[in-house]
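K.L.:
In my numbering, the protein residues as written are 83 to 613.
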């Protein structure tokens, strides 16, 4: 069910029951899988019944969850109990979103991407009963591979490709889905699973609303209530914070400046990576496990899961697990999050003024101005010629440069002078033969060198272009497209990330806690928009 076509004024003429479709489809369980299945969940994950930790929390139960748990409790102590057989009898795994293509496709890259949209589109009527998948009112595009639900920041970059492919009705439907999620839950969850409800992802709904409006959909003003509610989610508790204090995602610095961090409301292992998180916490015996779990979850909210960006310097000779156990996400005030919140505050101010709500407009413009001042004071580093993340308890910058430094260009937060300095820094320190590097650090994590990611290419190139720095913007675009085309020409697929070697040697990316995935939503979207 697509949203109704816009009226000549640009406002949809849908009835007030535009979200009724979500209520007609089977609702998700009201609990996360770990909460619902208790010791059964832990037993399945600990035993590695499924090779991928994400498989079990995504399964659809084949009966009432309460009855399954009761049956397990009655059977689990019996001699010869077979846990894997029990799981197979009571749960149905979800199929991967897209199978790999072994044969050369008939289409060129542009045609291949256009043909992928239908393969990656899901419809509410197809939702399984009683599982962890959240009900949505409209169709949506999933990233691909093991990611068979809608993700927050992935979707904005996917929607860029829908616009370029002329799939504007699907783009409008996805924007309405995100508005629905904010109305239903008070924020956009990381992804549309019950186990993602305790966190969000980089706040790009304001960008989605602009894109929707620019593609003939309803005006961004229609989404002003949801934009305000999303802002309230990120700023919860901020108004009463004293200097040097924090609450959830809000941090009041010693000088009274207010900035934000990533967070998660839960401090248990991520359900989709339960075994991995338990092992990581065990590698840090000197730290409370709950603290490690929270920092892992907060990094997942950032979308950069995982990266040296969030880690303390690992001990010499440490392995991946030991390095990851030094994660400190909640101590860090990230450049990208604060730039996107500046964009959100500025956009609310503009739309509120357009609606004649001068009080809201003035308040949010003041918030945006104060955030820009705080970012200049705490995050801009003149010596580095870049925006750097801040370790807020130590009140010192994190010296390692990463591609999030370009986000203030994308959000129009930077000054012209800062943009010029940053362009020189990017060209000197992060530009690689295949595109813009994620960080300067090579590691076993996927959000580090040698990998590059489509959303980071888009944010940097579009941000540079907005400040007239077209030469470097064009170089990033050209190098990225050559990387994607080289792998497509050889392997006939698009993937979630790429190693940014010289183009004939370009390959899919590596590292992290799961294998490279095909699909792939944001790669398709950015590539299709730039072709």
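Here a beta-carbon is modelled for each residue, glycine too, at the ideal position from N, C-alpha and C.
For residue 116, I'd like the list of residues in its chain whose CB is within less than 6 Å of its CB, leaving aside the five on either flank, ordered along the chain.
P.N.:
Working through the chain shown from its first residue, we reach residue 116 at position 34. The answer, listed in chain order, is 123 and 353.
K.L.:
Between which two residues does the beta strand (DSSP E) harbouring residue 334 extend?
P.N.:
The sequence position of residue 334 within the chain shown is 252, counting from 1. Where residue 334 is concerned, the enclosing beta strand (DSSP E) stretches over 332-334.
K.L.:
Quick check on the DSSP output: the alpha helix (DSSP H) that includes residue 563 runs from which residue to which?
P.N.:
Here residue 563 corresponds to residue number 481 of the chain shown, with the count starting at 1. Segment 552-573, the alpha helix (DSSP H) holding residue 563.
K.L.:
Looking at the structure shown, is residue 222 part of a helix, part of a strand, or coil, going by DSSP?
P.N.:
Position 140 of the chain shown, counting from 1, holds the residue named residue 222. In the structure shown, residue 222 sits in a strand (DSSP, three-state: E or B).
K.L.:
So, is residue 237 buried or exposed, given that buried needs 16 or more other C-beta atoms within 10 angstroms?
P.N.:
By one-based count along the chain shown, residue 237 stands at place 155. With 16 or more other Cβ atoms within 10 Å, it is buried.
K.L.:
Can you tell me the Cα-Cα spacing of residue 208 and residue 473, whole angstroms?
P.N.:
Sequence index remark: in the chain shown, residue 208 carries index 126 (1-based). Sequence index remark: in the chain shown, residue 473 carries index 391 (1-based). Straight-line Cα distance between these residues: approximately 45 Å.
K.L.:
Along the beta strand (DSSP E) that carries residue 342, what are the first and last residues, could you check?
P.N.:
Working through the chain shown from its first residue, we reach residue 342 at position 260. Looking at the DSSP string, the run of the beta strand (DSSP E) that includes residue 342 is 340-342.
K.L.:
Tell me whether residue 103 sits in a helix, a strand or coil according to DSSP, three-state version.
P.N.:
In the chain shown, residue 103 corresponds to position 21, counting from 1. Low confidence applies here, because residue 103 scores a pLDDT of 45, under 50, leaving its location unreliable and the question unanswered by this model.
K.L.:
Is the beta carbon of residue 610 closer than 7 Å to that of residue 243?
P.N.:
For the purposes of this step, residue 243 is identified with residue 161 of the chain shown, where counting begins at 1. For the purposes of this step, residue 610 is identified with residue 528 of the chain shown, where counting begins at 1. Cβ atoms of residue 243 and residue 610: closer than 7 Å.
K.L.:
Keeping to the same chain, check which residues put their C-beta closer than 7 Å to that of residue 137; ignore five residues upstream and five downstream.
P.N.:
Counting from one through the chain shown, the residue named residue 137 turns up at place 55. For residue 137, where only same-chain residues beyond five positions count, the Cβ hits under 7 Å are 175.
K.L.:
Using a C-beta cutoff of 7 Å, does residue 198 count as contacting chain C?
P.N.:
The structure shown contains no chain C; it holds only a single protein chain.
K.L.:
Could you spell out where the alpha helix (DSSP H) holding residue 388 opens and where it closes?
P.N.:
Within the chain shown, the letter at position 306 stands for residue 388. Residue 388 -> no alpha helix (DSSP H), and no H or E assigned at all.
K.L.:
Please confirm whether residue 443 and residue 434 have their CB atoms less than 7 Å apart.
P.N.:
For the purposes of this step, residue 443 is taken as the residue at position 361 of the chain shown. For the purposes of this step, residue 434 is taken as the residue at position 352 of the chain shown. The answer is yes: Cβ separation under 7 Å.
K.L.:
Give the single residue among 143, 327 and 274 whose Cα lies nearest to the Cα of residue 204.
P.N.:
Start at 1 with the first residue of the chain shown, and residue 204 comes out as number 122. It is 274 whose Cα lies nearest to the Cα of residue 204.
K.L.:
Does residue 317 come out as helix, strand or coil in the three-state DSSP assignment?
P.N.:
In the chain shown, residue 317 corresponds to position 235, counting from 1. Looking at residue 317 - three-state DSSP - the assignment turns out to be coil, as it is neither helix nor strand.
K.L.:
What does the alpha-carbon distance come out to for the pair residue 328 and residue 198?
P.N.:
Your numbering for residue 328 matches position 246 in the chain shown. Your numbering for residue 198 matches position 116 in the chain shown. Distance between the alpha carbons of residue 328 and residue 198 is about 44 Å.
K.L.:
Do residue 345 and residue 334 have their CB atoms nearer than 7 Å?
P.N.:
Working through the chain shown from its first residue, we reach residue 345 at position 263. Working through the chain shown from its first residue, we reach residue 334 at position 252. No. Outside cutoff.
K.L.:
If we count the other Cβ atoms within 10 Å of its Cβ and call it buried at 16 or more, is residue 599 buried or exposed?
P.N.:
The residue labelled residue 599 in the question sits at position 517 within the chain shown. Buried, by the Cβ-count rule.
K.L.:
Identify, in the order they occur along the chain, each residue of the same chain with its Cβ nearer than 8 Å to the Cβ of residue 515, setting aside the five sequence neighbours on each side.
P.N.:
For this step, residue 515 is matched to residue 433 along the chain shown. Hits under 8 Å: 561, 582, 583, 584 and 585.
K.L.:
Would you identify the three-state DSSP class for residue 495, choosing helix, strand or coil?
P.N.:
Working through the chain shown from its first residue, we reach residue 495 at position 413. Three-state DSSP puts residue 495 in coil, outside helix and strand.
K.L.:
Going by DSSP in three states, residue 540 sits in which element: helix, strand or coil?
P.N.:
Within the chain shown, numbered from 1, the residue matching residue 540 stands at position 458. If DSSP states are grouped into helix, strand and coil, residue 540 belongs with the helices.
K.L.:
Take residue 111 as the anchor and find which of 374, 254, 279 and 384 has the nearest alpha-carbon.
P.N.:
Here residue 111 is taken as the residue at index 29 of the chain shown, counted from 1. Residue 279 is the option with its Cα nearest to residue 111.
K.L.:
If you run the structure through DSSP and keep just helix, strand and coil, what is residue 289?
P.N.:
As a first step, residue 289 must be located in the chain shown, where it is residue number 207. Helix, per DSSP.
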